[in-house]
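In the numbering used here, the protein residues as written are 3 to 245. Heads up, the beta-carbon is just placed ideally off N, CA and C, and yes, glycines get one too. Report on the structure given below.
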Amino acid sequence: MDEVNKLAHSSLTEYLKDRIVVLANSTGNLLKVADRSFIITCRHVADHFFERPFRNAILRDNHRIAKAQLCIVAQTGLNIDIAVIEIHGSYTARGVFTLSDIESIEDFSKHDFRSTNIILCGIPYDIGQHDEGGNRYHVAMSFMTLPHRSIPQEPDYLYCEYPTIKDVLENISERKIKLPAAPGLSGSFMLTVSQFEGSEKELWSPSFAKVIAVQQSWDQSSFVKGSNVKHLISLLKNEVKCL
Numbered sequence: 003m004d005e006v007n008k009l010a011h012s013s014l015t016e017y018l019k020d021r022i023v024v025l026a027n028s029t030g031n032l033l034k035v036a037d038r039s040f041i042i043t044c045r046h047v048a049d050h051f052f053e054r055p056f057r058n059a060i061l062r063d064n065h066r067i068a069k070a071q072l073c074i075v076a077q078t079g080l081n082i083d084i085a086v087i088e089i090h091g092s093y094t095a096r097g098v099f100t101l102s103d104i105e106s107i108e109d110f111s112k113h114d115f116r117s118t119n120i121i122l123c124g125i126p127y128d129i130g131q132h133d134e135g136g137n138r139y140h141v142a143m144s145f146m147t148l149p150h151r152s153i154p155q156e157p158d159y160l161y162c163e164y165p166t167i168k169d170v171l172e173n174i175s176e177r178k179i180k181l182p183a184a185p186g187l188s189g190s191f192m193l194t195v196s197q198f199e200g201s202e203k204e205l206w207s208p209s210f211a212k213v214i215a216v217q218q219s220w221d222q223s224s225f226v227k228g229s230n231v232k233h234l235i236s237l238l239k240n241e242v243k244c245l
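So this is what it looks like as structure tokens:
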């Protein structure tokens with residue numbers, strides 16, 4: 003497990019950080035389909051954002067999208083917990099996800115996850131910082147993990163290890179650290195990175211990582227849970243009508 007975390011490479015990490023959004027102190031992801039732009043997140047995150055006095059979605063480099071430019075155009079039930087927020091008007095971002103970044107797996111319980119790592123990139127609330135004036139600065143974190151070894155995967159849900167009670171290796175310094183509590187990671191994309199014979203540069207290239215789930219909840223000692231991205235594809239096709 004520690005070795006897996008150590009291998010998370012900067013090229014993929016930076017690619018993911020360029021595409022995530024701070025939304026209601028949690029995480030969203032920029033997705034472009036044809037000529038339409040969206041933020042993908044959890045339904046409970048989207049509901050919180052629109053019900054409370056948040057003014058902006060915040061992108062990397064402190065670029066902002068005003069709430070007035072955003073509206074929920076599709077969402078699942080709270081059990082699957084995925085929402086599609088459309089962006090109207092212009093915005094500035096380093097990058098966006100596209101459909102080529104997504105891989106729909108019909109049934110996680112029947113999928114062979116051997117030789118597969120999972121990476122999450124999101125905004126854990128606990129590692130945010132404040133300046134002297136009390137302004138909050140959000141900090142993105144990427145985490146390389148594995149499908150959980152003792153919890154059976156379900157058709158619609160992916161369970162991955164998130165051991166907050168165990169030390170893991172920080173990628174750059176290689177020092178042992180504790181993982182932050184997972185609140186704030188809700189809405190993070192969960193991507194597969196398959197192990198294969200090749201150079202590290204190829205292994206951690208974004209072209210080899212595919213979004214398969216949207217992280218929605220966690221257990222305080224051992225795992226995070228994600229909803230199957232096939233439900234996002236269904237929303238885009240049947241409700242948003244952009245596929």
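Other residues of its chain near residue i: CB distance less than 7 Å, five sequence neighbours each side excluded
i, result
"Tyr-127", "Asn-27, Pro-185, Gly-186"
"Leu-25", "Ile-41, Thr-43, Val-47, Phe-51, Ala-59, Gly-189"
"Glu-156", "Phe-110, Ser-111"
"Asp-83", "Cys-44, Arg-45, His-46, Gln-218, Ser-229"
"Arg-21", "Asn-31, Leu-32, Gly-97, Val-98, Phe-99"
"Gly-91", "Gln-71"
For residue i, the nearest candidate out of the options (CA to CA)
i, options, result
"Ile-41", "Tyr-139, Leu-122, Thr-100, Asn-81", "Thr-100"
"Thr-166", "Lys-180, Leu-160, Tyr-159, Asp-158", "Lys-180"
"Lys-227", "Leu-237, Ala-215, Leu-80, Arg-116", "Ala-215"
"Cys-244", "Ser-39, Pro-208, Ser-13, Glu-16", "Ser-39"
"Ser-196", "Ser-117, His-65, Ile-89, Ala-68", "Ser-117"
"Lys-34", "Glu-88, Ile-67, Tyr-17", "Glu-88"
"Leu-238", "Tyr-17, Thr-78, Arg-57", "Thr-78"
"Phe-210", "Arg-57, Ile-121, Val-86, Arg-54", "Ile-121"
"Asp-221", "Tyr-164, Ser-236, Pro-208", "Tyr-164"
"Phe-225", "Glu-53, Asp-37, His-150, Pro-154", "His-150"
Residues of its chain near residue i, where Cβ-Cβ distance is below 8 Å and the 5 sequence neighbours each way are ignored
i, result
"Val-6", "Because Val-6 sits at a pLDDT of 42, beneath the cut-off of 50, its placement in the model cannot be relied upon, and the following sentence gives the value as read from the coordinates. Cβ within range, chain order: Asn-119, Met-146, Thr-147, Leu-148."
"Lys-19", "Arg-62, Cys-123, Ala-142, Ser-144"
"His-65", "Tyr-93, Thr-94, Ala-95"
Cut-off 6 Å between Cβ atoms - residues of its own chain near residue i, not counting five sequence neighbours on either side
i, result
"Glu-241", "Ala-76"
"Gly-124", "Thr-29, Leu-187, Ser-190"
"Ile-107", "His-113, Ile-214"
"Thr-15", "Ser-144"
"Lys-232", "Ser-106"
"Pro-182", "Pro-126, Asp-128, Ile-129"
"Pro-208", "Leu-14, Tyr-17"
Coarse secondary structure for residue i, derived from DSSP in three states
i, result
"Thr-166", "coil"
"Glu-108", "coil"
"Phe-56", "coil"
"Ser-28", "strand"
"Ile-22", "strand"
"Ala-257", "Past the boundaries of the shown model lies residue 257; the chain is included only from 3 to 245, so the question cannot be answered."
"Ala-48", "helix"
"Met-3", "Residue confidence for Met-3 is low, a pLDDT of 41 falling below 50, so the modelled location carries little weight; the figure read from the coordinates is stated next. Coil, per DSSP."
"Lys-8", "With a pLDDT of 45 at Lys-8, under the threshold of 50, the modelled position of this residue cannot be trusted; read the value that follows with caution. Residue state, collapsed to three classes: helix."
N-terminal and C-terminal residue of the beta strand (DSSP E) that residue i is part of
i, result
"Phe-225", "225-230"
"Arg-38", "38-43"
"Cys-73", "72-77"
"Phe-191", "191-196"
"Phe-210", "Counting along the chain, Phe-210 falls outside any beta strand (DSSP E), and DSSP gives it neither H nor E."
"Ser-144", "143-147"
Residue ranges of each beta strand (DSSP E) within the stretch 83-130, 3 or longer = 85-89, 118-124
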